[in-house]
Amino acid sequence: MTTDAEAAFRQTGWAGLRARLFHLYFVLRRPMTLGVRGLVHDAATNSVFLIRHTYVPGWQLPGGGVEVGETLAEALARELAEEGNIALAAPPVLKSMHFNRRSSRRDHVGFYLIGQFNQTTPKLPDHEIAEAGFFPLDRLPQGTTPATLRRIAEVFGDEPASPYW
């Protein structure tokens, strides 16, 4: 019989291993990786859209890899649709570029602010997204990733943009 703590560790351990294998696959397939993340802000409710993946722990901003032949903005639009049922209603604003040294020595992320969007239906869980939703800035979910908290502080606080994700 396992305890709750052992079960949680086992789940987090497997999620971490899957995440490392996922990144290794992309490092081998594409030595230089480029990704996008979007901070979707609902000004009416002062909330931001966050997701929780099935394969890595923590709440984070939606986004993913830029595919061959895709612009950053196209990749962002695709990822927002896939991970949040969110469609851009105006061009996103590129806020900063970051080196994501935790993923690999050659991973970079374009970070966008989205203030005009449409979401016709809430995102339901699937094979990639365990949970998704809008959260008030003063009540972000427990387990929000440090990188997500840094990006939010850079946009809504007085923090300068870090060159690192």
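Per this note's numbering, the very first residue in the sequence shown carries number 37; after that it's consecutive. We put the beta carbon where it would ideally sit given N, CA and C, even for glycine.
Going straight from the alpha carbon of residue i to that of residue j, what length do you get?
i	j	result
Val-72	Leu-160	22 Å
Leu-53	Pro-93	11 Å
Ile-188	Ala-111	21 Å
Pro-196	Glu-190	6 Å
Val-19	Thr-69	Lying before the first or after the last residue shown, residue 19 is absent from the chain, which here runs from 37 to 201.
Val-84	Ala-123	15 Å
Asp-174	Leu-149	18 Å
Ala-125	Gly-74	14 Å
Thr-81	Pro-172	7 Å
Tyr-61	Gly-169	29 Å
Met-193	Glu-118	For clarity, residue 193 is Gly in the given sequence; the question names Met instead. Each residue's Cα considered, the two are about 29 Å apart.
Lys-131	Ser-139	21 Å
His-144	Pro-67	12 Å
Val-104	Thr-157	29 Å
Gly-179	Trp-95	6 Å
Leu-185	Arg-142	23 Å
Which class does residue i belong to by DSSP, given the choice of helix, strand or coil?
i	result
Gly-100	strand
Pro-127	coil
Pro-182	helix
Asp-78	strand
My guess is that residue i and residue j are in contact by the Cβ rule of under 8 Å, so how many angstroms apart are they, rounded?
i	j	result
Pro-127	Leu-116	The pair is not a contact, with the Cβ atoms about 13 Å apart (cut-off 8 Å).
Gly-151	Ala-79	6 Å
Thr-90	Ala-166	5 Å
His-134	Phe-147	6 Å
Name, in chain order, the residues that DSSP records as bridge partners for residue i.
i	result
Ile-165	His-89
Phe-73	A small correction: the amino acid at residue 73 is Arg; Phe does not occupy that position in the sequence shown. Per DSSP, Gly-99, Phe-147.
Val-191	DSSP output for Val-191 lists no bridge partner at all.
Phe-170	Phe-85
Gln-155	Ile-122
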